[in-house]
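Heads up: the structure comes next, in structure tokens.
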């Protein structure tokens with residue numbers, strides 16, 4: 003008998019509904035938003051100018067994606083009462099909810115892959131153009147790393 007996976011249910015008095023959770027996953031499933039979000043998690047609070055420079059992204063594109071991340075609650079826009087030394091007073095930061103989504107969502111998947119690759123080595127050399135196992139009918143064998 004196959005082991006079943008226990009899928010968590012929403013708490014009875016949940017503030018967020020299923021659509022909210024799915025929207026968060028969709029948001030970080032888009033590459034530009036993921037890169038922006040990951041940069042905020044790595045570096046902490048940053049202005050839009052700092053993000054444009056760090057990510058080499060156009061300002062209008064950055065603001066579009068930041069607005070999406072703010073709207074779903076993964077990122078907060080903090081405005082300071084006084085401008086900083088750089089003349090800016092609007093900064094973006096990942097929220098606690100955003101940190102949890104990354105830690106328990108895609109972050110967990112990435113950690114799991116690192117763990118698997120540490121324990122095993124593939125009998126082939128993955129190349130960016132190599133089809134992934136779920137994209138074809140081929141079977142890939144794993145060999146124990148020594």
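Residue numbers (the numbering used here): 3 to 148. C-beta: ideal position from N, C-alpha, C; glycine also. Please read all numbers here as calculations on a predicted model, not as lab measurements.
According to DSSP, residues forming a beta bridge with residue i
i: residue 27; result: In DSSP, residue 27 forms no bridge with anything.
i: residue 62; result: Paired residues: none, contrary to the question.
i: residue 7; result: Note: residue 7 sits in no beta bridge, so no partner.
i: residue 92; result: 81
Under the three-state DSSP convention, the category residue i falls into
i: residue 127; result: The predicted position of residue 127 is uncertain, since its pLDDT is 47 and thus under 50; a value taken from the coordinates is nonetheless stated next. Reduced to three states, the DSSP call for residue 127 is coil.
i: residue 81; result: strand
i: residue 98; result: helix
i: residue 34; result: helix
i: residue 140; result: Residue placement at residue 140 cannot be trusted, given a pLDDT of 48 that sits under 50; what the coordinates show is reported in the next sentence. Residue state, collapsed to three classes: coil.
C-beta atoms of residue i and residue j nearer than 8 Å
i: residue 42; j: residue 77; result: yes
i: residue 34; j: residue 59; result: yes
i: residue 30; j: residue 57; result: no
i: residue 68; j: residue 54; result: no
Cβ-based neighbour list, residue i, same chain, cut-off 8 Å, excluding 5 preceding and 5 following
i: residue 47; result: 80, 93, 94, 95
i: residue 19; result: 12
Same chain, Cβ closer than 6 Å to residue i, neighbours up to 5 away in sequence not counted
i: residue 126; result: Reliability of the predicted coordinates at residue 126 is poor, the pLDDT of 46 falling under 50, and the value obtained from them is presented with this limitation in mind. Result list for residue 126: empty, nothing under 6 Å.
i: residue 99; result: 75
i: residue 32; result: none
Heavy atom of the ligand MG within 7 Å of residue i beta-carbon
i: residue 64; result: The ligand MG is not part of this structure, which contains no ligands at all.
Cβ neighbours of residue i in the same chain (closer than 7 Å, five flanking residues each side left out)
i: residue 25; result: 74
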